[in-house]
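As structure tokens, the structure follows; a few thoughts come after it.
Numbering (the numbering used here), first residue to last: 791 to 1019.
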């Protein structure tokens, strides 16, 4: 139990509270704590830390719980190079655009996500990134902790059957250094397969991801372009 006086600091009051807190810091010690994860990591506390440093105050970190680092350490995916990107955007277009920016990076990707957006985000991840390896870490260090490991499509199937709850961290493998088919080869395979009529365009796009090195979204866009000619 913390008996010392507490005050809130969040996105809606950080502008007015920063000067007040810096004034109090000038009179004595001040601690920044969080009720969800590490202070200042994907958290408005960052602005207070920045302001305190700019004002010449000493900022000392005290290590604590961090869901992204905990999930990464238990993921089994490469940890020598990773990039933490906070929450995926809420809107579908913005989310896909954000994924497009990192789809060619070889580093492990770490995101936070909410339960009600998880399935849509997994679908967008598969469309843009391809069916990569993923770890979905839920409620880490708590009673109902769950760590799912598999492909993105397997994760989608798992959480379609079992609605997710609680805080979620996504750890996604980076782009593998595989040989990407030239566009001419991909077009040839697409045209031949469509002519045979044995598979739907969406199924074909999904099946070509692993072999071609192209994302499902890019394959589907190419197919649409061929059909419009």
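All residues carry an ideal CB built from backbone N, CA and C; glycine is no exception.
Next item on the list: Spell out a yes or no on whether the segment 952-969 and the segment 890-907 are touching, meaning 3 or more CB-CB pairs, one atom from each, closer than 8 Å.
Entry: yes
Notebook entry, point to check: In angstroms, rounded to a whole number, what distance separates the CA positions of residue 818 and residue 810?
Noted result: As a working mapping, residue 818 is identified with position 28 in the chain shown. As a working mapping, residue 810 is identified with position 20 in the chain shown. So the two alpha carbons sit approximately 13 Å from each other.
Check: Taking the alpha helix (DSSP H) that residue 939 falls in, what are its first and last residues?
Finding: Here residue 939 is taken as the residue at index 149 of the chain shown, counted from 1. From DSSP, residue 939 is part of no alpha helix (DSSP H) but of the beta strand (DSSP E) over 936-941.
Next item on the list: Report yes if the CB atom of residue 903 is closer than 8 Å to the CB atom of residue 852, and no otherwise.
Entry: Position 113 of the chain shown holds residue 903. Position 62 of the chain shown holds residue 852. Between residue 903 and residue 852, the gap from beta carbon to beta carbon reaches 8 Å or more.
Next item on the list: Taking only runs that begin and end inside the segment 836-877, name each unbroken alpha helix (DSSP H) of 4 or more residues, in chain order.
Entry: Every alpha helix (DSSP H) stretch that sits fully inside the segment 836-877 and reaches 4 residues is listed by chain position as 857-865.
Checklist line | Within the segment 914-988, ranges of the alpha helix (DSSP H) (whole runs, at least 4 residues) | finding: 942-951, 973-986
Checklist line | CA nearest to the CA of residue 800, picked from 838, 921, 793 | finding: Along the chain shown, one-based indexing puts residue 800 at 10. Cα-wise, what sits closest to residue 800 is 838.
Margin query: Taking 8 Å as the threshold (C-beta atoms), are residue 900 and residue 862 in contact?
Written below: What you label residue 862 is simply residue 72 of the chain shown in a count that begins at 1. What you label residue 900 is simply residue 110 of the chain shown in a count that begins at 1. In contact: residue 862 and residue 900 (Cβ atoms closer than 8 Å).
Next item on the list: Alpha carbon to alpha carbon, how far is residue 978 from residue 985? Give it in angstroms, no decimals.
Entry: By one-based count along the chain shown, residue 985 stands at place 195. By one-based count along the chain shown, residue 978 stands at place 188. Note on geometry: alpha-carbon atoms of residue 985 and residue 978 lie some 11 Å from one another.
Check: Do you know how far the Cα of residue 915 is from the Cα of residue 866?
Finding: As a first step, residue 866 is located in the chain shown; it is residue number 76 there, counting from the start. As a first step, residue 915 is located in the chain shown; it is residue number 125 there, counting from the start. Straight-line Cα distance between these residues: approximately 19 Å.
Next item on the list: Please work out which residues of its chain come closer than 6 Å, Cβ to Cβ, to residue 991, disregarding the five sequence neighbours upstream and downstream, and give them in chain order.
Entry: The count along the chain shown starts at 1 and reaches residue 991 at position 201. Around residue 991: 1013.
Check: Which whole-angstrom value is the C-beta distance of residue 1009 and residue 999, which I expect to be below 8 Å?
Finding: The sequence position of residue 1009 within the chain shown is 219, counting from 1. The sequence position of residue 999 within the chain shown is 209, counting from 1. Sure, about 7 Å apart at Cβ, within 8 Å.
Next item on the list: Give the range of the alpha helix (DSSP H) segment to which residue 1016 is assigned.
Entry: The residue labelled residue 1016 in the question sits at position 226 within the chain shown. Unbroken alpha helix (DSSP H) run through residue 1016: 1006-1018.
Note to self: Buried or exposed, going by whether 16 or more other CB atoms sit within 10 Å of the CB of residue 891?
What the structure shows: Position 101 of the chain shown holds residue 891. By the 10 Å Cβ count, residue 891 comes out exposed.
Margin query: I'd like the list of long-range same chain contacts for residue 803, defined as Cβ closer than 6 Å, with 5 residues on each side in sequence excluded.
Written below: Start at 1 with the first residue of the chain shown, and residue 803 comes out as number 13. Nothing listed; no residue qualifies.
Item checked: Boundaries of the beta strand (DSSP E) in which residue 898 is found, first to last residue -> As a position in the chain shown, residue 898 is number 108, starting the count at 1. Residue 898 -> beta strand (DSSP E) spans 898-903.
Notebook entry, point to check: Counting Cβ pairs closer than 8 Å, one from the segment 940-949 and one from the segment 879-888, do we hit at least three?
Noted result: no
Item checked: residue 841 versus residue 993: straight-line alpha-carbon distance, rounded -> Against the chain shown, residue 841 aligns to sequence position 51. Against the chain shown, residue 993 aligns to sequence position 203. Residue 841 and residue 993: Cα-Cα distance of roughly 52 Å.
Next item on the list: Consult DSSP for residue 813 and reduce its assignment to one of helix, strand or coil.
Entry: On the chain shown, residue 813 is found 23 positions in, with the first residue counted as 1. Note: residue 813 maps to helix in three-state DSSP.
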